[in-house]
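Residue numbers (our numbering), protein chains in the order written: chain A, 255 to 545; chain B, 255 to 545; chain C, 255 to 545; chain D, 255 to 545.
Let me begin by presenting the structure, written as structure tokens, before commenting on it.
There are 4 protein chains.
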Amino acid sequence: MQVGFIGVGRMGRVMVQSLLNAGHQVRAWDVTPEAVDAVVAHGAEKAANANEASWGDAVISMLPNDEAMRGVFLSSKFLQAESKPPVHINMATASVQCANELAEAHIEAGMQYIAAPVFGRPEMAAERNLNIMAAGDSATIELVQPLFDAIGKKTWRVGPTPSQANVVKLAGNLMVAAMIEAMAETAALGKGYDIDPATSLEIIVKSLFDVPIYRIYAGLVANGPYEPPGFDLKLALKDARLMLAAGETVNVPLPFMSVIRDNYLDALAHGDGAKDWSVFSRVAMRRAELE
Amino acid sequence: MQVGFIGVGRMGRVMVQSLLNAGHQVRAWDVTPEAVDAVVAHGAEKAANANEASWGDAVISMLPNDEAMRGVFLSSKFLQAESKPPVHINMATASVQCANELAEAHIEAGMQYIAAPVFGRPEMAAERNLNIMAAGDSATIELVQPLFDAIGKKTWRVGPTPSQANVVKLAGNLMVAAMIEAMAETAALGKGYDIDPATSLEIIVKSLFDVPIYRIYAGLVANGPYEPPGFDLKLALKDARLMLAAGETVNVPLPFMSVIRDNYLDALAHGDGAKDWSVFSRVAMRRAELE
Amino acid sequence: MQVGFIGVGRMGRVMVQSLLNAGHQVRAWDVTPEAVDAVVAHGAEKAANANEASWGDAVISMLPNDEAMRGVFLSSKFLQAESKPPVHINMATASVQCANELAEAHIEAGMQYIAAPVFGRPEMAAERNLNIMAAGDSATIELVQPLFDAIGKKTWRVGPTPSQANVVKLAGNLMVAAMIEAMAETAALGKGYDIDPATSLEIIVKSLFDVPIYRIYAGLVANGPYEPPGFDLKLALKDARLMLAAGETVNVPLPFMSVIRDNYLDALAHGDGAKDWSVFSRVAMRRAELE
Amino acid sequence: MQVGFIGVGRMGRVMVQSLLNAGHQVRAWDVTPEAVDAVVAHGAEKAANANEASWGDAVISMLPNDEAMRGVFLSSKFLQAESKPPVHINMATASVQCANELAEAHIEAGMQYIAAPVFGRPEMAAERNLNIMAAGDSATIELVQPLFDAIGKKTWRVGPTPSQANVVKLAGNLMVAAMIEAMAETAALGKGYDIDPATSLEIIVKSLFDVPIYRIYAGLVANGPYEPPGFDLKLALKDARLMLAAGETVNVPLPFMSVIRDNYLDALAHGDGAKDWSVFSRVAMRRAELE
Chain A
255 MQVGFIGVGR MGRVMVQSLL NAGHQVRAWD VTPEAVDAVV AHGAEKAANA NEASWGDAVI
315 SMLPNDEAMR GVFLSSKFLQ AESKPPVHIN MATASVQCAN ELAEAHIEAG MQYIAAPVFG
375 RPEMAAERNL NIMAAGDSAT IELVQPLFDA IGKKTWRVGP TPSQANVVKL AGNLMVAAMI
435 EAMAETAALG KGYDIDPATS LEIIVKSLFD VPIYRIYAGL VANGPYEPPG FDLKLALKDA
495 RLMLAAGETV NVPLPFMSVI RDNYLDALAH GDGAKDWSVF SRVAMRRAEL E
Chain B
255 MQVGFIGVGR MGRVMVQSLL NAGHQVRAWD VTPEAVDAVV AHGAEKAANA NEASWGDAVI
315 SMLPNDEAMR GVFLSSKFLQ AESKPPVHIN MATASVQCAN ELAEAHIEAG MQYIAAPVFG
375 RPEMAAERNL NIMAAGDSAT IELVQPLFDA IGKKTWRVGP TPSQANVVKL AGNLMVAAMI
435 EAMAETAALG KGYDIDPATS LEIIVKSLFD VPIYRIYAGL VANGPYEPPG FDLKLALKDA
495 RLMLAAGETV NVPLPFMSVI RDNYLDALAH GDGAKDWSVF SRVAMRRAEL E
Chain C
255 MQVGFIGVGR MGRVMVQSLL NAGHQVRAWD VTPEAVDAVV AHGAEKAANA NEASWGDAVI
315 SMLPNDEAMR GVFLSSKFLQ AESKPPVHIN MATASVQCAN ELAEAHIEAG MQYIAAPVFG
375 RPEMAAERNL NIMAAGDSAT IELVQPLFDA IGKKTWRVGP TPSQANVVKL AGNLMVAAMI
435 EAMAETAALG KGYDIDPATS LEIIVKSLFD VPIYRIYAGL VANGPYEPPG FDLKLALKDA
495 RLMLAAGETV NVPLPFMSVI RDNYLDALAH GDGAKDWSVF SRVAMRRAEL E
Chain D
255 MQVGFIGVGR MGRVMVQSLL NAGHQVRAWD VTPEAVDAVV AHGAEKAANA NEASWGDAVI
315 SMLPNDEAMR GVFLSSKFLQ AESKPPVHIN MATASVQCAN ELAEAHIEAG MQYIAAPVFG
375 RPEMAAERNL NIMAAGDSAT IELVQPLFDA IGKKTWRVGP TPSQANVVKL AGNLMVAAMI
435 EAMAETAALG KGYDIDPATS LEIIVKSLFD VPIYRIYAGL VANGPYEPPG FDLKLALKDA
495 RLMLAAGETV NVPLPFMSVI RDNYLDALAH GDGAKDWSVF SRVAMRRAEL E
């Protein structure tokens with residue numbers, strides 16, 4: 255298939271590679287020219303702007319945040335272009351509100367909008383080990399399924415409203431954050447009884463929760479280092495804000511998320527904003543004076 | 255080896271079977287004669303009381319709660335017997351305080367005390383699929399390792415103080431409870447956006463947390479039924495009390511556990527005390543008026 | 255003094271009356287013409303628009319929310335007028351962020367900006383029983399003190415940065431909300447022991463907290479009715495959002511506010527959004543199945 | 255009237271003085287002989303033990319905690335005495351469970367049991383400025399009302415079950431603790447915006463909550479010192495335990511109390527257990543790195 259790709263940063267660039275590997279033709283654009291050059295070196299075509307990347311069978315986007323998405327897709331001429339592909343697949347983590355605004359604007363402009371955020375980090379993307387959550391018009395999803403097959407290992411169909419996929423993505427982040435806080439409390443409780451956090455977490459994780467995400471974060475909670483960050487705490491706070499806002503819109507209290515948010519702020523106040531977000535696990539230790 | 259076994263209820267009976275299967279000689283006692291008869295039918299010897307079961311190379315116990323343990327081991331003549339084995343292995347979930355009392359009383363009576371609680375339920379015990387956490391004198395643990403090998407698949411050495419094993423067991427329960435609450439909040443958030451809980455949980459669990467304990471509880475959170483209970487909510491509240499007390503002793507705040515405890519009470523107030531403890535996941539739905 | 259007054263709703267109209275009573279000359283504007291007519295009938299002059307009200311020695315404003323303030327003062331020609339008074343006194347409850355934006359824009363436009371939110375409701379304003387918190391340039395506050403003396407019973411000087419007054423106003427609301435939640439938990443705990451909420455709250459309030467705000471809200475918590483609302487729950491949620499955002503900006507966790515916000519959402523989910531905000535006290539009763 | 259008085263510590267001694275001042279005849283006992291000597295010097299008679307103090311028209315007690323009460327009234331011969339007064343008035347802060355045990359044992363022994371805890375500290379007792387909450391048989395309360403009139407300024411009738419008075423007392427403590435936490439969050443939020451805690455708290459307290467208890471604790475929150483303690487943090491934690499247990503018995507979640515308890519532990523971990531309990535207000539500052 256012929257696709258445009260907008261946003262070829264750490265994740266986007268790997269996805270473009272997967273599409274090229276599967277034989278698709280890709281035309282890429284990014285606000286950073288060097289990022290475009292990098293994918294062009296691997297076989298993509300260069301687009302001079304977002305509208306030039308909006309061509310062929312579909313345009314895929316992977317921008318870092320709501321502001322960037324609103325800037326490129328809503329405040330520009332992107333949707334007013336005369337010639338554009340029938341569908342835009344947004345694979346980034348967006349807020350529910352932004353997803354709804356985008357869906358509405360695309361429909362008005364006569365374009366399908368599919369939200370398809372992913373679980374997984376760049377190294378997993380490189381192994382085509384991503385889980386994709388797709389929501390929106392099901393016939394359209396069917397049409398672009400080959401693109402998802404090229405990028406991820408599994409595509410989940412969430413429902414007919416694009417923002418539903420963003421809700422599930424946010425909820426997944428909530429569950430990961432809750433896992434970290436639970437490990438932090440476990441580590442602190444054990445430490446209070448002279449049990450090394452690496453020991454208490456290894457026993458519990460290997461006994462009950464023996465999956466990569468637990469093993470990776472148990473290591474971080476027990477030993478750090480929190481630098482360089484895989485995902486920094488300031489961004490995690492932004493995610494927390496999106497989650498709490500998503501809950502607020504539909505009157506769903508999220509008491510765990512409230513506890514986590516307060517601990518993020520505690521860690522930020524202690525200068526850890528640029529570290530890996532798992533650094534907030536130190537709050538439990540610090541409150542118990544066990545550091 | 256020659257061992258006594260005190261407490262042959264749902265878990266104890268399966269452990270006795272494992273010991274017998276491995277060629278050990280077992281003499282069993284329980285406050286309920288029928289329970290003893292059941293294991294005698296499979297090859298165990300019958301003890302007329304706890305003291306008769308306290309013989310041979312070691313006595314193992316698996317009693318349901320602190321009260322029973324204090325009744326059988328502290329308020330009786332158990333520790334005053336002239337002839338008794340060199341070690342008592344307590345495999346039940348005890349509070350930290352009870353474990354400390356027991357350890358002290360045993361040492362005074364000239365007997366080693368090993369705490370060795372397990373992760374796993376009767377059906378896992380039947381498949382020798384238990385994780386055993388052993389704490390206490392390491393030379394003693396070495397001596398009784400063949401018994402652990404007969405019963406479980408893996409023995410973790412936690413540390414030199416018996417109650418440390420109980421702390422890790424309690425912390426493991428905290429992590430399971432936190433997993434359930436995180437799934438409950440996820441299910442409610444998704445439901446607020448018309449996503450079926452079975453869908454949102456399946457996507458996240460299969461994508462990120464694909465282990466039996468997540469799959470089992472995701473099913474319960476999404477669909478129930480909560481009856482008959484695997485472990486009822488009233489017992490979960492007792493565990494929560496032990497955990498919070500363990501934290502209090504060493505000045506460790508456990509904010510997640512506090513949220514969970516409040517939700518247990520909410521579920522108890524709504525008549526769910528005799529149901530499976532995962533029923534507390536309905537609190538998130540009820541608070542958001544999504545039931 | 256000669257003053258303009260923008261926003262003559264329930265609070266603003268009473269403030270205008272106080273200014274007129276003290277002999278000041280007032281020119282008023284409001285987006286609702288009938289509101290202006292009402293104060294004109296009591297001796298104010300009519301302004302045809304916000305800019306006409308921006309005259310004399312000072313312009314005072316009392317608009318309902320950030321959006322209205324941004325609309326009238328930032329997105330309009332208000333600050334570009336050639337002739338305008340030396341100072342704008344904003345007495346409304348604004349977010350910290352909005353207060354900062356307004357302060358910056360006024361300084362650029364060569365106008366002093368004083369934030370002066372109040373504690374008190376319309377009936378207290380009518381008795382000149384308001385507490386005014388003023389922040390900004392202290393010489394300017396000195397100049398307009400006669401206006402504050404006409405409107406309130408006491409003016410507090412908070413500090414040199416206008417938004418500081420808004421922070422104290424938000425914190426005051428936090429303390430009132432916390433008072434209500436504490437009474438709600440008290441009422442529920444007592445009810446669990448067959449003590450009528452009116453009894454338990456009267457005893458504690460009269461013994462320890464015998465001030466009007468406690469007496470008024472104790473009555474509401476114990477007996478309702480929550481209609482018509484003095485201040486509705488939807489607005490309270492908006493305030494909660496401003497408070498949590500104010501905390502987030504300076505990395506201050508506010509765990510009480512988080513609990514309160516979750517209870518607001520619970521009450522909103524149960525259909526109480528248009529009722530008096532004290533209705534969120536029913537959450538404690540409902541969770542304990544004591545309604 | 256002729257009364258016995260058991261427990262003449264800091265509070266009890268002042269109450270005895272009030273009874274003597276009102277013309278009642280008092281026979282006193284305490285585990286500390288010097289404490290008895292002090293009240294004998296002011297006109298009381300000396301009892302050699304608790305049973306000698308159990309005479310006349312009523313015996314009043316004011317012991318420091320559940321353990322002391324159980325020791326003196328349940329584990330001793332106190333209730334088995336042949337000659338004893340018709341009623342025992344317990345004015346101490348007891349747990350609900352202890353109050354229920356005492357009530358039951360007294361009734362079995364043919365003695366009325368009235369729970370009558372107070373709000374107020376020794377200096378307030380000295381000015382007869384106590385609020386008394388009385389619960390139990392109403393005819394009996396009527397009979398001993400002259401004793402309450404001698405000791406306090408107001409007697410509240412809570413209900414027919416003695417422990418109901420203890421519930422209201424615990425709930426009052428919850429409301430005071432919540433007041434302190436709300437002031438702590440206010441102080442931290444303000445400090446984040448360079449507002450001195452003394453300023454932010456004074457404005458809010460004088461504007462909205464102008465009663466002694468707020469003024470006193472606002473001063474402590476803003477400035478300390480937390481030594482010597484009026485009531486130390488370790489005792490406050492014990493009270494928190496009683497409150498949470500009282501809630502647990504009737505399935506009432508107390509989320510504010512859970513937050514407060516976690517902050518107590520944080521303060522205890524930081525070495526503040528022997529300081530005035532209001533020291534836990536520093537947790538909000540410490541978490542925001544504002545100390």
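In this text, a Cβ means the ideal position worked out from N, Cα and C, and glycines have one as well.
Keep in mind it's a predicted model, so treat the numbers as computed, not measured.
{"Asked": "Beta-carbon proximity check, residue 538 (chain B) vs residue 476 (chain B), cutoff 8 Å", "Found": "no"}
{"Asked": "Other residues of its chain near residue 391 (chain D): CB distance less than 6 Å, five sequence neighbours each side excluded", "Found": "366"}
{"Asked": "Own chain, CB closer than 8 Å to residue 350 (chain D), minus 5 neighbours either side, in chain order", "Found": "417, 420, 421, 424, 496, 499, 500 and 503"}
{"Asked": "Residue environment, residue 256 (chain C), which counts as buried when at least 16 other CB atoms sit within 10 Å", "Found": "exposed"}
{"Asked": "Against chain C: residues of the stretch 502-527 of chain B by CB proximity under 7 Å", "Found": "520, 523 and 524"}
{"Asked": "Interface residues of chain B facing residue 495 (chain C) [CB-CB closer than 7 Å]", "Found": "Per Cβ cutoff of 7 Å: no residues; residue 495 (chain C) is ~18 Å from chain B at best."}
{"Asked": "Sequence-distant residues of its chain with Cβ nearer than 6 Å to residue 534 (chain B) (five each side left out)", "Found": "517, 518 and 521"}
{"Asked": "Chain-order list of residues whose beta-carbon lies under 6 Å from that of residue 386 (chain C) (same chain, five-residue window excluded)", "Found": "370, 372, 402, 406 and 409"}
{"Asked": "Residues of the stretch 529-544 of chain C with Cβ closer than 9 Å to any Cβ of chain B, in chain order", "Found": "537, 540, 541, 542, 543 and 544"}
{"Asked": "Local Cβ density within 10 Å of residue 246 (chain D), reported as buried at 16 or more and exposed below that", "Found": "Only positions 255 to 545 of chain D appear in this structure, which leaves residue 246 (chain D) out of reach."}
{"Asked": "Inter-stretch contact at 8 Å, needing at least 3 Cβ pairs: the stretch 475-491 of chain B / the stretch 443-454 of chain A", "Found": "no"}
{"Asked": "Nearest-angstrom Cα separation, counted from residue 357 (chain C) out to residue 528 (chain A)", "Found": "30 Å"}
{"Asked": "Between the CA atoms of residue 543 (chain C) and residue 488 (chain A) - distance to the nearest angstrom", "Found": "40 Å"}
{"Asked": "Beta carbon proximity, residue 410 (chain B) to chain E, threshold 8 Å", "Found": "Absent from the structure: chain E. Protein chains present are A, B, C and D."}
{"Asked": "Residue range of the beta strand (DSSP E) that includes residue 334 (chain D)", "Found": "Segment: none, residue 334 (chain D) is in no beta strand (DSSP E) and carries neither H nor E."}
{"Asked": "Option in D:276, D:463, D:472 and D:304 with minimal Cα separation from residue 262 (chain D)", "Found": "D:304"}
{"Asked": "Bridge-paired residues (DSSP) for residue 283 (chain B)", "Found": "B:260"}
{"Asked": "Cβ pair residue 346 (chain C), residue 317 (chain C) closer than 8 Å", "Found": "yes"}
{"Asked": "Residue 318 (chain B) beta carbon near the ligand HEM (any heavy atom closer than 7 Å)", "Found": "The ligand content of the structure shown is nil, which means the ligand HEM is not present either."}
{"Asked": "Minimum Cβ-Cβ distance from residue 592 (chain B) to chain A less than 8 Å", "Found": "Beyond the ends of chain B as shown, which are 255 and 545, falls residue 592 (chain B); an answer cannot be given."}
{"Asked": "Neighbour-count burial assignment, residue 307 (chain A), 16 or more Cβ in a 10 Å radius", "Found": "buried"}
{"Asked": "Proximity winner among C:536, C:324, C:432 and C:310, relative to residue 451 (chain C) (alpha-carbon distances)", "Found": "C:536"}
{"Asked": "Short CB-CB distance (under 8 Å) between residue 435 (chain D) and chain C", "Found": "yes"}
{"Asked": "Of the listed residues B:322, B:360, B:393 and B:313, nearest to residue 348 (chain B) (C-alpha basis)", "Found": "B:322"}
{"Asked": "DSSP-derived helix/strand/coil call for residue 415 (chain D)", "Found": "coil"}
{"Asked": "3 or more residues per run - each beta strand (DSSP E) lying fully within the stretch 402-452 of chain C", "Found": "408-413"}
{"Asked": "Collapsed DSSP secondary structure at residue 383 (chain C) in the structure displayed", "Found": "coil"}
{"Asked": "Proximity to residue 359 (chain C) [Cα-Cα], best of C:374, C:389, C:324 and C:393", "Found": "C:324"}
{"Asked": "In DSSP terms, what residue 368 (chain B) is bridged to", "Found": "B:343"}
{"Asked": "Bounding residues of the beta strand (DSSP E) (the contiguous stretch that carries residue 313 (chain B))", "Found": "312-315"}
{"Asked": "Rounded straight-line distance, which links the Cα of residue 363 (chain A) to that of residue 334 (chain A)", "Found": "7 Å"}
{"Asked": "Beta-carbon gap between residue 309 (chain A) and residue 258 (chain A) smaller than 8 Å", "Found": "yes"}
{"Asked": "Local Cβ density within 10 Å of residue 312 (chain D), reported as buried at 16 or more and exposed below that", "Found": "buried"}
{"Asked": "Within-8 Å CB hit, residue 443 (chain C) to chain D", "Found": "yes"}
{"Asked": "Contacts of residue 346 (chain D) in chain C (Cβ-Cβ under 8 Å)", "Found": "Neighbours of residue 346 (chain D) on chain C: none; closest Cβ ~17 Å, over 8 Å."}
{"Asked": "Residue-level contact to chain A via CB, residue 422 (chain B), 8 Å cutoff", "Found": "yes"}
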